[in-house]
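Chains as they are written, first to last, in the working numbering: chain A, 375 to 540; chain B, 164 to 267.
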C-alpha cells in the first residue's frame, strides 16, 4: 500500500530532523541557534505525535513547546550574556566508567526497541474525546493539582525576579 | 508493508533522551542546560504516547501523563529562568561552573 510507504518515509524524515536538530542544540555555539533548533526538534516531535495518531497532543506540543517555551527561553537568552567557554571537557577521567554504565543501557534499549514490533492501535484522529474524558473524569484531582502548581510557579517566578527595593 | 512499529518510536525517544543528557552534562551555559532538559522531557513524552498506542483501550492514559508533563515543563522553564536571572543579578555569569556562591 502506498500510504504505508509514505508513512515510513515520513517517519524517517522526522527521525533525521529530530536527531540532527537535537545534536545541533547540544553543539551549537550561539545560544539563539540552539533555541531555534530546539523549536525545530519540538516541531518534529509533534509530527511524530501525528504519526502515532495523537493529534490533540501534537497541537498542544506546537502551542506550548514551540510557542510558549521557546519564546520564554529566547527571553532568557536575551537577558543573559553568551559565555565564550561553551563546553565542559569532552573527555574527562571518568569517561571509561561512564561508558561502562551507559553501554549496557544503550544495548538494552536498542534490542528492546527493535524487538518491540507492535504497531499503533486505535483509530487515528479521534483522540480528543477519550483524552478529555480521561482528564476530567479519571484524573480530575491531579488536574486541579496541576493548575495549582502552575499558579504557584507563576507567583514564584514573579517573586524571584522582582527587585528588592520596589 | 506494515506501518511503523512502535519500538522505532521508543528508539527515537531513547536517542533524543541520550542527546539531551549529553547536552546537560557537556554544556556549561545554564540556559542551554534548560533547553536540553526540555529535550529530555520531550523524549519522555514521545515514549509515553508510543506506549499508550500499544493497547486498544478507549482511555488515553499515556496522553494524560503527557498533558501533565506539559504543565511540569512550563512551570519548570518559568521557575528555572527566574532562578537563572536572579542568580545572574547577584553574580553576572550564566556559567554553571562559576556559580559557586552557595557552595559550602
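Where is the CB? At the ideal position from N, CA and C, for every residue including glycine.
Residue 167 (chain B) to residue 491 (chain A) span [Cα, whole Å]: If you number the second chain from 1, residue 167 (chain B) lands on position 4. If you number the first chain from 1, residue 491 (chain A) lands on position 117. Spanning the two alpha carbons is a distance of roughly 9 Å.
Proximal residues, the stretch 431-444 of chain A versus chain B, C-beta separation under 8 Å: 431, 434, 435, 438, 439, 442, 443
Counted within 10 angstroms of its Cβ, other Cβ atoms place residue 205 (chain B) as buried (16 or more) or exposed: Working through the second chain from its first residue, we reach residue 205 (chain B) at position 42. With 16 or more other Cβ atoms within 10 Å, it is buried.
Stretch pair the stretch 430-450 of chain A + the stretch 515-530 of chain A: three plus CB contacts closer than 8 Å: no
beta-carbon residue 533 (chain A) near the ligand GDP non-hydrogen atom, thresh 7 Å: You won't find the ligand GDP in this model; it holds no ligand whatsoever.
Any C-beta of chain A under 8 Å from that of residue 216 (chain B): In the second chain, counting from the first residue as 1, residue 216 (chain B) sits at position 53. Yes, residue 216 (chain B) counts as interfacial toward chain A.
CA nearest to the CA of residue 525 (chain A), picked from B:235, B:230, B:252: The residue labelled residue 525 (chain A) in the question sits at position 151 within the first chain. Closest option to residue 525 (chain A), Cα to Cα, is B:235.
Residue 207 (chain B) at chain A interface by Cβ criterion, 8 Å: By one-based count along the second chain, residue 207 (chain B) stands at place 44. No - not a single Cβ of chain A is within 8 Å of the one on residue 207 (chain B).
Residue from B:174, B:201, B:216 with nearest C-alpha to residue 244 (chain B): For this step, residue 244 (chain B) is matched to residue 81 along the second chain. Among B:174, B:201, B:216, the Cα nearest to that of residue 244 (chain B) belongs to B:201.
Per-residue contacts from residue 410 (chain A) into chain B (C-beta, under 9 Å): Here residue 410 (chain A) is taken as the residue at index 36 of the first chain, counted from 1. The premise fails here: residue 410 (chain A) is roughly 11 Å from chain B at the closest Cβ pair, so nothing lies under 9 Å.
Start-end ranges of the alpha helix (DSSP H) lying completely within the stretch 180-220 of chain B, minimum 4 residues: 193-215
Inter-stretch contact (C-beta, 8 Å, three-pair minimum) for the stretch 417-433 of chain A and the stretch 445-454 of chain A: no
Chain A contact residues for residue 196 (chain B), given Cβ-Cβ distances below 9 Å: The residue labelled residue 196 (chain B) in the question sits at position 33 within the second chain. In chain order: nothing, as chain A lies at least about 11 Å away.
Pairwise C-alpha distance: residue 413 (chain A) and residue 375 (chain A): The sequence position of residue 375 (chain A) within the first chain is 1, counting from 1. The sequence position of residue 413 (chain A) within the first chain is 39, counting from 1. With a pLDDT of only 48 at residue 375 (chain A), under 50, the local geometry of the prediction cannot be trusted, and the value read off the model is given with reservation. If you take the alpha carbons of residue 375 (chain A) and residue 413 (chain A), they lie about 33 Å apart.
For residue 406 (chain A) and residue 397 (chain A), the rounded distance between their alpha carbons: For this step, residue 397 (chain A) is matched to residue 23 along the first chain. For this step, residue 406 (chain A) is matched to residue 32 along the first chain. Their backbone Cα atoms lie some 15 Å apart in a straight line.
Alpha helix (DSSP H) segment containing residue 481 (chain A), residue limits: To locate residue 481 (chain A), count along the first chain from 1; it is residue 107. From DSSP, the alpha helix (DSSP H) with residue 481 (chain A) extends over 469-489.
Buried versus exposed call for residue 522 (chain A) [16 or more other C-beta atoms within 10 Å across all chains shown]: Position 148 of the first chain, counted from the first residue, corresponds to residue 522 (chain A). The residue in question, residue 522 (chain A), is exposed, as its Cβ has fewer than 16 Cβ neighbours within 10 Å.
Residue closest to residue 454 (chain A), alpha-carbon to alpha-carbon, out of B:241, B:257, B:253, B:238: As a position in the first chain, residue 454 (chain A) is number 80, starting the count at 1. Taking only the C-alpha atoms, the option nearest residue 454 (chain A) is B:257.
Own chain partners of residue 196 (chain B) with C-beta closer than 8 Å, once the 5 adjacent residues on each side are dropped: Within the second chain, numbered from 1, the residue matching residue 196 (chain B) stands at position 33. Excluding positions up to five away in sequence, the list reads 186, 187, 190, 259.
Span separating the alpha-carbon of residue 536 (chain A) from that of residue 484 (chain A): As a first step, residue 536 (chain A) must be located in the first chain, where it is residue number 162. As a first step, residue 484 (chain A) must be located in the first chain, where it is residue number 110. Answer to the nearest angstrom: the Cα atoms are 47 Å apart.
Euclidean distance between Cα positions of residue 510 (chain A) and residue 472 (chain A): Stepping through the first chain from its first residue, residue 510 (chain A) is reached at position 136. Stepping through the first chain from its first residue, residue 472 (chain A) is reached at position 98. Roughly 43 Å separates the two Cα atoms.
Test: residue 524 (chain A) CB closer than 8 Å to a CB of chain B: The count along the first chain starts at 1 and reaches residue 524 (chain A) at position 150. Chain B contact via Cβ: present.
Per-residue contacts from residue 229 (chain B) into chain A (C-beta, under 7 Å): Counting from 1 along the second chain, the entry for residue 229 (chain B) is found at position 66. Neighbours of residue 229 (chain B) on chain A, chain order: 431.
N-terminal and C-terminal residue of the alpha helix (DSSP H) that residue 418 (chain A) is part of: Counting from 1 along the first chain, the entry for residue 418 (chain A) is found at position 44. Looking at the DSSP string, the run of the alpha helix (DSSP H) that includes residue 418 (chain A) is 405-425.
Interface flag, residue 264 (chain B) vs chain A, CB-CB below 8 Å: If you number the second chain from 1, residue 264 (chain B) lands on position 101. It does not; no Cβ of chain A falls within 8 Å.
Residues sharing a beta bridge with residue 389 (chain A), DSSP: Within the first chain, the letter at position 15 stands for residue 389 (chain A). None; residue 389 (chain A) has no bridge partner.
Neighbour flag for residue 467 (chain A) against chain B, beta carbons, 8 Å: The residue you call residue 467 (chain A) lines up with position 93 of the first chain. No, no contact with chain B.
Residue 367 (chain A) burial status per 10 Å Cβ neighbour count (16 or more: buried): Given that chain A is displayed from residue 375 to residue 540, the structure contains no residue 367 (chain A) and the question cannot be resolved.
First and last residue of the uninterrupted alpha helix (DSSP H) at residue 521 (chain A): Numbered from 1 along the first chain, position 147 holds the residue referred to as residue 521 (chain A). Unbroken alpha helix (DSSP H) run through residue 521 (chain A): 514-535.
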